[in-house]
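**Student:** Following this message is one structure expressed as C-alpha cells.
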Amino acid sequence: MVARLTDGRRCGDCDAHAVARCGRCNAPVCRRHQPRLGQRCGGCEADWADDLPVRRMLQRLFAPPAFVLAGGASFLFMMPVLIALPFSIGAPLVATLAALVGFGASVGTYRLVERAARAQFLREHARALPVARVVRGRTHHRQLPART
Ligand SMILES: [Zn+2]
Ligand SMILES: [Zn+2]
51 MVARLTDGRR CGDCDAHAVA RCGRCNAPVC RRHQPRLGQR CGGCEADWAD
101 DLPVRRMLQR LFAPPAFVLA GGASFLFMMP VLIALPFSIG APLVATLAAL
151 VGFGASVGTY RLVERAARAQ FLREHARALP VARVVRGRTH HRQLPART
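In short: position in the sequence shown from 1, add 50, done, that's this note's numbering.
In C-alpha cells, the structure reads:
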C-alpha cells in the first residue's frame, strides 16, 4: 500500500533521516520507528518474539519444580497447623494453602524467566550506547556519530 514501507519495521526514512539507533543491533531508525524506552527496533523485537518458544520451554521446565518445592515447603511449614487441628479440617486446609503457594511460585517462575530474558535481551549490545531518549519537538537534527 505505502510504497515507501519496506516491511513495517523500517522505512526509507530509517536510513535517510535517522534520529537514533537501535540499542541492540545499532540499526539507524527514523522518528516514527524509534523504539520506546525499554524496547528495541522492529527487527530486534521480532527476534524477541521468535524466541518465545524457548522462553515457554524454560518456563515449563522450571515451573513444576517451583510448584513442588514451594508447595512442599509450605506443607512442612504448616505441619503444626495440621497437627493442632482435627484432621478433617486441617488436611484440606493445609493442602489448599500448599497448592496455592505452589501455584504462586510457579506463576512467579514464569514471570522471573520472562523478566530475566527481557533484561538479557535489552542488555545485548547496549553497553557502548547512551541510554535511549525520546526525541520530541520539531525537526531538530541530531547528527549521529559514525560507528565503524
Ligand atoms: Zn522508519
Ligand atoms: Zn535492533
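Note that the Cβ used here is the ideal one computed from N, Cα and C, for glycine as well.
So if DSSP puts V79 in a beta bridge, which residue, or which two residues, is it bridged to?
**Tutor:** Locating residue 79 in the sequence shown gives position 29, counting from the first residue. A70, per the DSSP bridge assignment.
**Student:** Could you check the C-alpha separation between L162 and L135 for me, to the nearest Å?
**Tutor:** Position 112 of the sequence shown holds residue 162. Position 85 of the sequence shown holds residue 135. When rounded, the distance between both Cα atoms is 36 Å.
**Student:** Cutting at 6 Å between CB atoms, please list the residues of its own chain near F112, excluding the five before and the five after it.
**Tutor:** As a working note, residue 112 is residue 62 in the sequence shown. Cβ within range, chain order: T159.
**Student:** Whose C-alpha, out of G73, G62 and R59, is nearest the C-alpha of H175?
**Tutor:** As a working note, residue 175 is residue 125 in the sequence shown. Here the closest residue by C-alpha is G73.
**Student:** At the level of alpha carbons, what is the spacing between L55 and P85?
**Tutor:** Here residue 55 refers to the residue found at position 5 of the sequence shown. Here residue 85 refers to the residue found at position 35 of the sequence shown. Caution applies to L55, whose pLDDT of 45 falls short of 50 and renders its modelled position unreliable; the value that the coordinates give is listed next. If I take the Cα positions, the gap works out to 17 Å.
**Student:** Verify whether the separation of the beta carbon atoms of M128 and A149 is less than 8 Å.
**Tutor:** As a position in the sequence shown, residue 128 is number 78, starting the count at 1. As a position in the sequence shown, residue 149 is number 99, starting the count at 1. No, they are not a contact pair.
**Student:** Specify the secondary structure class of C101 as computed by DSSP and reduced to three states.
**Tutor:** Within the sequence shown, the letter at position 51 stands for residue 101. Residue 101 is actually Asp in this sequence, not Cys. The answer is coil: DSSP assigns D101 none of H, G, I, E or B.
**Student:** Mind listing which residues have their beta carbon within less than 6 Å of any non-hydrogen atom of ligand 4? Chain order is fine.
**Tutor:** Of the ligands one can find in the structure shown, namely ligand 1 and ligand 2, none is ligand 4.
**Student:** Please report the distance separating the alpha-carbon of Q167 from that of V79.
**Tutor:** The residue given as residue 167 occupies position 117 in the sequence shown. The residue given as residue 79 occupies position 29 in the sequence shown. In the sequence on display, residue 167 carries Ala and not Gln. Near 24 Å, if we compare the C-alpha coordinates of V79 and A167.
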